[in-house]
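>
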Amino acid sequence: MAEVHAEAVATAGKSLAPPVSEVGVLAWLKQNLFATWYDTLLTLLCLWLLWQVVPPFFQWALFNADFSGTSREDCTSGGACWVFIKARFWQFMYGFYPIDQRWRVNLAFLLLIAALLPLFLPRFRHKLALAAGSLVLYPIVAYCLFYGGMLGLPVVETALWGGLFLTLVIAGVGIVASLPLGILFALGRRSDMPIVRAMCITFIEVMRGVPLITILFMASVMLPLFLPPGVNFDKLLRALVGVALFSAAYMAEVVRGGLQAIPKGQYEAAQALGLSYWKMMGLIVLPQALRIVIPGIVNTFIGLFKDTTLVLIIGLFDLLGIVKAALTDASWIGYATEGYVFAGLCFWIFCFGMSRYSIYVERKLGGGRRR
Amino acid sequence: MAIKRERLGTAPASPPLWRDPRVRAIVYQILTLVGVVAFAAYIVHNTIDNLSRQGIASGFGFLRQPAGFAIPQTLIDYSELSSNGRVFWVGLLNTVLVAVIGIVLATILGFVIGLARLSSNWLIARLATVYVEVIRNIPVLLQILFWYFAVLQALPQPRDSIAFLGDLFFLNNRGFYTPEPVFEAGFGWVALVFLVALIAVVGLARWAKRRHDATGQPFHTVYLGLGLLVGLPLVTFVLAGAPLTFEHPEMGRFKLQGGLVLLPELVALTLALSTYTAAFIAEIVRAGILSVSHGQIEAAHALGLKHGQTLRFVVIPQALRVIIPPLTSQYLNLTKNSSLAVAIGYPDFVNVFTGIVLNQTGQAVEVIAMTMGVYLTLSLLTSALMNWYNQRRALVER
Amino acid sequence: MTGNGGDAPIIVLRGVHKWFGHFHVLKDINMDVWRGQKVVVCGPSGSGKSTMIRCINRLEEHERGHIVVDGIELTNDVKNIDATRREVGMVFQHFNLFPHLTALENLTLAPMWVRNMPKAEAEATGRRLLERVGIPEQADKYPGQLSGGQQQRVAIARALCMAPKIMLFDEPTSALDPEMIKEVLDVMIELAKEGMTMVCVTHEMGFARSVADLMVFMDRGEIVEQSPPSEFFKNPQSDRTKLFLSQILSH
Chain A
138 MAEVHAEAVA
148 TAGKSLAPPV
158 SEVGVLAWLK
168 QNLFATWYDT
178 LLTLLCLWLL
188 WQVVPPFFQW
198 ALFNADFSGT
208 SREDCTSGGA
218 CWVFIKARFW
228 QFMYGFYPID
238 QRWRVNLAFL
248 LLIAALLPLF
258 LPRFRHKLAL
268 AAGSLVLYPI
278 VAYCLFYGGM
288 LGLPVVETAL
298 WGGLFLTLVI
308 AGVGIVASLP
318 LGILFALGRR
328 SDMPIVRAMC
338 ITFIEVMRGV
348 PLITILFMAS
358 VMLPLFLPPG
368 VNFDKLLRAL
378 VGVALFSAAY
388 MAEVVRGGLQ
398 AIPKGQYEAA
408 QALGLSYWKM
418 MGLIVLPQAL
428 RIVIPGIVNT
438 FIGLFKDTTL
448 VLIIGLFDLL
458 GIVKAALTDA
468 SWIGYATEGY
478 VFAGLCFWIF
488 CFGMSRYSIY
498 VERKLGGGRR
508 R
Chain B
36 MAIKRERLGT
46 APASPPLWRD
56 PRVRAIVYQI
66 LTLVGVVAFA
76 AYIVHNTIDN
86 LSRQGIASGF
96 GFLRQPAGFA
106 IPQTLIDYSE
116 LSSNGRVFWV
126 GLLNTVLVAV
136 IGIVLATILG
146 FVIGLARLSS
156 NWLIARLATV
166 YVEVIRNIPV
176 LLQILFWYFA
186 VLQALPQPRD
196 SIAFLGDLFF
206 LNNRGFYTPE
216 PVFEAGFGWV
226 ALVFLVALIA
236 VVGLARWAKR
246 RHDATGQPFH
256 TVYLGLGLLV
266 GLPLVTFVLA
276 GAPLTFEHPE
286 MGRFKLQGGL
296 VLLPELVALT
306 LALSTYTAAF
316 IAEIVRAGIL
326 SVSHGQIEAA
336 HALGLKHGQT
346 LRFVVIPQAL
356 RVIIPPLTSQ
366 YLNLTKNSSL
376 AVAIGYPDFV
386 NVFTGIVLNQ
396 TGQAVEVIAM
406 TMGVYLTLSL
416 LTSALMNWYN
426 QRRALVER
Chain C
105 MTGNGGDAPI
115 IVLRGVHKWF
125 GHFHVLKDIN
135 MDVWRGQKVV
145 VCGPSGSGKS
155 TMIRCINRLE
165 EHERGHIVVD
175 GIELTNDVKN
185 IDATRREVGM
195 VFQHFNLFPH
205 LTALENLTLA
215 PMWVRNMPKA
225 EAEATGRRLL
235 ERVGIPEQAD
245 KYPGQLSGGQ
255 QQRVAIARAL
265 CMAPKIMLFD
275 EPTSALDPEM
285 IKEVLDVMIE
295 LAKEGMTMVC
305 VTHEMGFARS
315 VADLMVFMDR
325 GEIVEQSPPS
335 EFFKNPQSDR
345 TKLFLSQILS
355 H
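In the order they appear, the protein sequences are chains A, B and C.
So the first sequence is numbered by my numbering: it starts at 138 and just counts up by one.
So the second sequence is numbered by my numbering: it starts at 36 and just counts up by one.
So the third sequence is numbered by my numbering: it starts at 105 and just counts up by one.
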C-alpha cells in the first residue's frame, strides 16, 4: 500500500496531455465522421451527394449567371438569368405603387425603424411607453402615408399596393392585431362565465380547425353579403380581417399555454392584495405568462408571415403573387426558377431571422436543458 | 369565551346587487349575449337582403343540380352531368388521397431526418439541420408553386415523352403514365392468402411473446413474419397462373392512351406537402427522443440491455408519448394545407367545391359552411382521438 | 484489506487514465477490490469519483491502463462489456427508474430480456427483492407515485434482480430529502452484511465508518489515500485528506 501511496504523491497535481488520437483535428474527424465502417460509408455517400449538387448549383446561380442587362436577350450564358429579377426588382418591392410616390413607403418604414430601435437598446428606460405609443400612433401615420388623401398626398388605391411592401403590411397588421385579440380570447377561454367561455372556445376551435384559405374565401366572398348594399369593403381590408382573426385564434392558444403555466399561488397572492381582475391580469399574470411563451409568440408570427402568401389566391399581389404574375409576362417566359428562388430567399431571410431572434430571447430568459 | 348560540347559523349578509360578483357575472354575460345576438341578427338580415337582391337561391337544392364541368382526376365515377353533390364527394376523395399519401411520405421522411439530426455523424447531422432550417422558413405555397412550375414544367410535351424501361413508363407534362394493372379472376385468391398471412403473422407474434414469458427464450418473429407475408401470396400467385396483366400506355396521335396516369399536379402537391411537413415532423421526433433523459439510457445499459433492447423498451415508449400529440397536429396541418391545391389546379375539395361550385351557383353561405364543416369534423375527430390516446398513455403520477 | 476474496481481486484498476477533451479527469488510478469487500470512495466534487466507478461498468471508457472485472478485461469488445454489465449492478444518484413501467416491471425487464428468464420466475424474484428492500406493497405502482426513498430502494432492488456479484453506488442518497436517507442506507447496510462486494461513492461518513472495509480518497483525478476507516478517520496521511475531512465532518 505504501508503494501505491508513494505513486499517488509523485504524480500529485501533474496533468498529462491526452493521447494524440483523442484530441485535435484527427480525433474530431475520427469521432464525428468515421467512427464506424457504417459511419464512414454514410459520410462518403453524403460527400458524393454534395459534390453532385453543390458545385452545379453555384455554377448555375453565380458563375454562369447573367447579372447585367435589361432584357431577355442579355441572358445568353445558360445559367441563372438574374436580369429578370433586376428588371422587375422595384415592382417586386413596391407592387404597382406609383413610382413618384414611393418615397412615402420608404418614409413610413424609416419611421418604423426609428420608433422601434430604442426598444432594442438595453438601457432605454421608457420602453413600455414607447411601445404603447407607437402601437397607437404608428398605424395612423402609416395609413396616411400609404393611402394618402390627406395633407395634400394623392390617394393610392390599395389595389396598387403589392410586392414585399404589401407582404409587410399584411404581416404587420396581422401581428399587431392578433396579439391583443389573442390575449383577450385566451382570457375569455379561461373565464368563469360560461357564455363568454363557450363563445371563445367556439371561435378558437373553428378558426384552428379550418384552413386559412377558407377563411380568406369567406372574407372575400361573404363579407360583402354581410354588409348593407352599397357599402363596399376594400379587398385588402377583407384579407386583413381574415388573417388577423385567424392568427388571433392561434395566438390565443399560445397565450393560454402561458397562462396555465403560472402557478395558482400567483393569482391568489394578487387577489389577496385586493387587485381587481384586470389589474391582476395586467400587472401580475400577463407579464409573466407572455414572457414564458415568447418563443411560441414568435413562432406564430413566423407562421403568419408565411401565410400572407395565401392572399395571392384571392387576387392580391403580395411578394409571391407579384413574382408569379411577372412570370406570365410574355417577355420573360421560362425563368420561373429564378423568380421562385428569389422570392424564397426573401421569405427565408425574414423567417430565419425571426426564428434566430426567438432562440436568442429564449436563451436570454434562461431556457436550457440539463442532461 | 363560548360563542353565543344565537350568533351561530346565520348566513352572512348578502351584498347589494350591484356589488355582488355573481350578479355582475350574469349581467355581463347577458349583455355579451345580447350584443352578439344583435350583431348576428344584423348580419343575417343584410345577407338575406343581399342574396335576394342578387337573385341567388338559398337552401341546399343546388346539390342536386348538374355540375357542368369536367374534373381531371376522379376516384369514383363522375361526368359533367353528375350533380354538385357528387362534386363534393369527388373533391373530398381527392383531398383524402393527397392527405394519405402526404402523411405517409412525410412521416417516413420526417423520422429519417429527425434521427439524422441526432446522429453522431457530424456531416449527416448538419445536412439534416440545413434541410430543416431551409424548408421550415419558406412558405408552403411557394414550395408548391416551385415544385409545380419550375420542376414539372421542365417535362416535355406528350409527343416527346421520356420513356422508361423500354416502353413501360412515360413521363411528360401531362403526367406520369404507368401500366394499369388488370386483375383477373384468380387474383382474389392471392388477396385472400395475403389476408390469411397477415392474421398468421399476428398470431405468430402473440405466440412468440407467450413463449418468451413462459420460458424466457426469445424468438425473432420479424424474419418468419416477412417470409410469410411475401412468400405465401407469391406462391399462390404463381399457382394461380399469374392472374395479373397490365394495360400499357400507348402513343396515340396526340397523347398517350390507356394505362394509369399520375397527374403532375398531384405529384407536385404531394411532394411539396411531404417535404414541408417532414421538416416539422423531424423537429418533433428530435424533441421527443431528446426528452428521454440520458440517465434512462445509462440505467438500461447498466442492467445489461443491448442497444436495440434499450431503444425498444426504454427510449421509444417514452419518446412516443412526447411525439404523438404534436405529430397528429402536423397531420392535420398537412390536410389543411392540401387546400392550397387551388393554386396549381389540382382538383381537391376546396378547388372543385368551394371554388368552382361556389362560383357557378353563387350560394356562398351554404358552400362555405359545408367546407368549414368538413374540415372542422376532421379536426375535432383528430382532437378527440388524441385526447383519448393521451389519457391512455399518460405517465401515472401521484 | 479484509475480505475473503479468493486468490485474485474481483476488480483491478491499473494505471487508468481518462481525459474529457483536454481535461485530465483520471490520473493513474490504481485500485484493487476483493470479493466481499466494501469500498467507499469520497472526495470533493470534480475529483473524478463518479467517473472512476462508471468506468468499472463501461458507462465511461478509460483511455489508458487496464480494468479487469471478475477476470474479464474491459476493452471495446462488446461481448466483454455485456458480460461485465450482467455481473455488475449500478445504483444512480437520480434513480433513473423507467417511468412508464411499474416497480415490478422495472425489476423484471432485464432478467427477462438479458438473462432470458421466464416471466413467472422473474416476477417471483422481483417480489422477493421488493420485500427485501421493504416495499413489497409498491410492486404495481409507477415510479411517479413513489417517494424518493422508495424509488431509490426500487432502483437497488432492480440492480439486485440481475444477481450481480458487484454493486456500484454513485452518490445514492445525494438527491434524497434528509428523512429518506436513512431508509436507503439501511438497505445498503443490510446488503453489506450479507457479503455483497460494494463500491460506493458517497458523502455519508457515518455509513462509511460503520460499513466500509476500505476508504479511498480522491482529489483532482487521483487517488490521494487508501486506508481502512480506522486509520483514515483518525490518522489521515495527506494534507488534502485532512482538509477534506475537516470540511465534511464539521457538521
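We put the CB at the ideal spot given by N, CA and C, even for glycine.
Keeping to the same chain, check which residues put their C-beta closer than 6 Å to that of Q197(C); ignore five residues upstream and five downstream.
As a working note, residue 197(C) is residue 93 in the third sequence. D274, E275, S278, A279.
> Quick one: is N425(B) buried, meaning 16 or more other Cβ sit within 10 Å of its Cβ, or exposed?
Against the second sequence, residue 425(B) aligns to sequence position 390. It counts as exposed.
> How big is the Cα-Cα spacing for L430(B) and P203(C)?
Along the second sequence, read from residue 1 onward, the residue named residue 430(B) stands at position 395. Along the third sequence, read from residue 1 onward, the residue named residue 203(C) stands at position 99. Rounded to whole angstroms, L430(B) to P203(C) spans 7 Å at the Cα level.
> Can you have a look at E329(C) and say buried or exposed, based on whether 16 or more other CB atoms are within 10 angstroms of its CB?
Within the third sequence, numbered from 1, the residue matching residue 329(C) stands at position 225. Looking at its Cβ environment, which holds 16 or more other Cβ atoms inside 10 Å, E329(C) is buried.
> Evaluate A317(B) with the Cβ neighbour count: other Cβ atoms within 10 Å of its Cβ, from every protein chain shown; 16 or more gives buried, anything less gives exposed.
Locating residue 317(B) in the second sequence gives position 282, where the first residue counts as 1. Per the 10 Å Cβ criterion, buried.
> What residues from chain A crowd round Y410(B), counting only those whose CB sits closer than 8 Å?
As a working mapping, residue 410(B) is identified with position 375 in the second sequence. G346, V347, P348, T351, listed in chain order.
> Output needed for L349(C): all residues of its chain with C-beta closer than 8 Å, excluding positions within five of it in sequence on either side, in chain order.
Numbered from its first residue, the third sequence carries residue 349(C) at position 245. For L349(C), where only same-chain residues beyond five positions count, the Cβ hits under 8 Å are F337, P340.
> What residues in the segment 352-383 of chain A bring their beta carbon closer than 8 Å to a beta carbon of chain B?
Going along the segment 352-383 of chain A in chain order, one finds F354, M355, V358, M359, P361, L362, F363, L364, P365, P366 with a Cβ nearer than 8 Å to chain B.
> Give me the Cα-Cα distance between L206(B) and V217(B), rounded to the nearest whole angstrom.
What you label residue 206(B) is simply residue 171 of the second sequence in a count that begins at 1. What you label residue 217(B) is simply residue 182 of the second sequence in a count that begins at 1. Cα-Cα distance, rounded: 21 Å.
> So M421(B) contacts chain A; which residues on that side make the cut at Cβ distance below 9 Å?
Looking up residue 421(B) in the second sequence gives position 386. None at all; the shortest Cβ gap to chain A is about 13 Å.
> Near R345(A), which residues of its chain fall below 6 Å by C-beta distance, leaving aside the five closest residues on each side in sequence?
Your numbering for residue 345(A) matches position 208 in the first sequence. Excluding positions up to five away in sequence, the list reads A386.
> Ignoring anything shorter than 3 residues or poking outside the segment 144-173 of chain B, list the beta strand (DSSP E) runs there in chain order.
Within the segment 144-173 of chain B, no complete beta strand (DSSP E) run reaches 3 residues.
> Assuming the contact rule is C-beta atoms closer than 8 Å, A245(A) and G319(A) should be a hit. Round their C-beta distance to whole Å, please.
Here residue 245(A) corresponds to residue number 108 of the first sequence, with the count starting at 1. Here residue 319(A) corresponds to residue number 182 of the first sequence, with the count starting at 1. In fact, because the Cβ distance is near 25 Å, the residues do not count as touching under 8 Å.
> Give the secondary structure of L413(B) by DSSP, where H, G and I count as helix, E and B as strand, and everything else as coil.
As a first step, residue 413(B) must be located in the second sequence, where it is residue number 378. If DSSP states are grouped into helix, strand and coil, L413(B) belongs with the helices.
> Tell me the DSSP secondary structure of S331(C) in three-state form.
Residue numbering aside, residue 331(C) sits at position 227 when the third sequence is read from its first letter. It is a strand residue.
> Name the chain C residues whose beta carbon is nearer than 7 Å to that of Q252(B)?
Working through the second sequence from its first residue, we reach residue 252(B) at position 217. The answer, in chain order, is N220.
> Does the CB of D383(B) have a neighbour CB from chain C at under 7 Å?
Against the second sequence, residue 383(B) aligns to sequence position 348. It does not; no Cβ of chain C falls within 7 Å.
> In the DSSP assignment, the beta strand (DSSP E) including W123(C) goes from what residue to what residue?
Locating residue 123(C) in the third sequence gives position 19, where the first residue counts as 1. Its beta strand (DSSP E) spans residues 115-124.
> Is there a Cβ of chain A sitting closer than 7 Å to that of P299(B), yes or no?
Here residue 299(B) refers to the residue found at position 264 of the second sequence. Chain A contact via Cβ: absent.
> Would you mind listing the alpha helix (DSSP H) stretches within the segment 62-133 of chain B that are 4+ residues and don't spill past its ends, in chain order?
With a minimum length of 4 residues, no continuous alpha helix (DSSP H) run stays inside the segment 62-133 of chain B.
> So, for S214(A): in the same chain, excluding its five sequence neighbours on each side, which residues have a beta-carbon less than 8 Å away from its beta-carbon?
Taking the first residue of the first sequence as position 1, residue 214(A) is located at position 77. For S214(A), where only same-chain residues beyond five positions count, the Cβ hits under 8 Å are N201, A202, D203.
> By Cβ distance, which residues of its chain are closer than 7 Å to L438(A), with the 5 residues on each side in sequence left out?
Looking up residue 438(A) in the first sequence gives position 301. What sits at residue 438(A) in the sequence shown is Phe, not Leu. Contacts found: I312, M491.
> Using beta carbons (cut-off 7 Å, strictly below), is T345(C) in contact with chain B?
Counting from one through the third sequence, the residue named residue 345(C) turns up at place 241. No, no contact with chain B.
> For the segment 458-481 of chain A, enumerate the residues whose C-beta is nearer than 7 Å to any C-beta of chain B, in chain order.
Listed in sequence order: K461, A473, T474, Y477, A480, G481.
> List, in order along the chain, the chain C residues whose C-beta lies closer than 9 Å to that of L369(B)?
Counting from one through the second sequence, the residue named residue 369(B) turns up at place 334. In chain order: nothing, as chain C lies at least about 29 Å away.
> So is S152(A) in contact with chain E if we call contact Cβ pairs under 7 Å?
Note that chain E does not occur in the displayed structure, where the protein chains are A, B and C.
> Less than 7 Å between the beta carbons of L304(B) and A240(B), yes or no?
For the purposes of this step, residue 304(B) is identified with residue 269 of the second sequence, where counting begins at 1. For the purposes of this step, residue 240(B) is identified with residue 205 of the second sequence, where counting begins at 1. Not closer than 7 Å, so no.
> Within the continuous beta strand (DSSP E) that includes C146(C), where are the two ends?
In the third sequence, counting from the first residue as 1, residue 146(C) sits at position 42. That run of the beta strand (DSSP E) goes 142-146.
> Take every Cβ of the segment 322-336 of chain A, pair it with every Cβ of the segment 333-353 of chain B, and state whether three or more of those distances are shorter than 8 Å.
Taking 8 Å as the limit for Cβ pairs, the verdict is that the segment 333-353 of chain B does not touch the segment 322-336 of chain A.
> Please state if the CB of G175(C) and the CB of P268(C) are separated by a distance shorter than 7 Å.
As a position in the third sequence, residue 268(C) is number 164, starting the count at 1. As a position in the third sequence, residue 175(C) is number 71, starting the count at 1. The answer is no: Cβ separation not under 7 Å.
> Given that a residue counts as buried once 16 or more other Cβ atoms are within 10 Å of its Cβ, and exposed if not, what is H170(C)?
By one-based count along the third sequence, residue 170(C) stands at place 66. Looking at its Cβ environment, which holds fewer than 16 other Cβ atoms inside 10 Å, H170(C) is exposed.
> Give me the subset of the segment 124-146 of chain C whose CB atoms are less than 7 Å from a CB atom of chain A, sorted by chain position.
Listed in sequence order: G125, H126, H128, K131, D132, N134.
> Which residues does DSSP list as the beta-bridge partners of E215(B)?
To locate residue 215(B), count along the second sequence from 1; it is residue 180. Note: E215(B) sits in a beta bridge opposite E282(B).
> For the candidate residues L272(C), W138(C), L347(C), whose alpha-carbon lies nearest to that of S154(C)?
Numbered from 1 along the third sequence, position 50 holds the residue referred to as residue 154(C). Comparing Cα-Cα distances from S154(C) to each of L272(C), W138(C), L347(C), the minimum goes to L272(C).
> Taking beta-carbon pairs under 7 Å, can you tell me which members of the segment 196-216 of chain C lie near chain B?
Taking 7 Å as the Cβ-Cβ cut-off against chain B, the residues of the segment 196-216 of chain C that qualify are F196, H198, N200, F202, P203, H204, L213, A214, M216.
> What residues match up with D136(C) in a beta bridge as DSSP calls it?
Locating residue 136(C) in the third sequence gives position 32, counting from the first residue. D136(C) pairs with V116(C).
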